[in-house]
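Read through the structure below, which is laid out as structure tokens, and then see the notes.
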Amino acid sequence: MSHSVSKRIYVTLPDTVHDELEGWSDYQGRPTANLAAYLIELGIREAKERGEFKTHQQKSK
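In terms of the working numbering, the sequence shown opens at residue 1380 and continues consecutively.
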């Protein structure tokens, strides 16, 4: 049985973007990294819907 494991990446942000992200996460009462992960996931989902890139599964078909 295989388990899906979350992956960790490191992202460098400009100070202003970091400050805004931190303020937004504080406002929502959630960790900054959690909000960043959600926003990345949302951005990928929206890019797929717009057809801006193909997933690995789509390339192999």
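Ideal Cβ placement from N, Cα and C applies to all residues, glycine included.
Could you pull the start and end residues of the alpha helix (DSSP H) that residue i belongs to?
{"i": "Gly1402", "result": "Asp1394 to Gln1407"}
{"i": "Glu1431", "result": "Run containing Glu1431: none; DSSP gives neither H nor E here."}
Do you know whose CA, among the options, lies nearest residue i's CA?
{"i": "Ile1388", "options": "Arg1429, Ser1381, Asp1398 and Ala1415", "result": "Ala1415"}
{"i": "Thr1391", "options": "Gly1402, Asp1405 and Ala1412", "result": "Ala1412"}
What is the DSSP secondary structure of residue i, reduced to helix, strand or coil?
{"i": "Ile1388", "result": "coil"}
{"i": "His1435", "result": "helix"}
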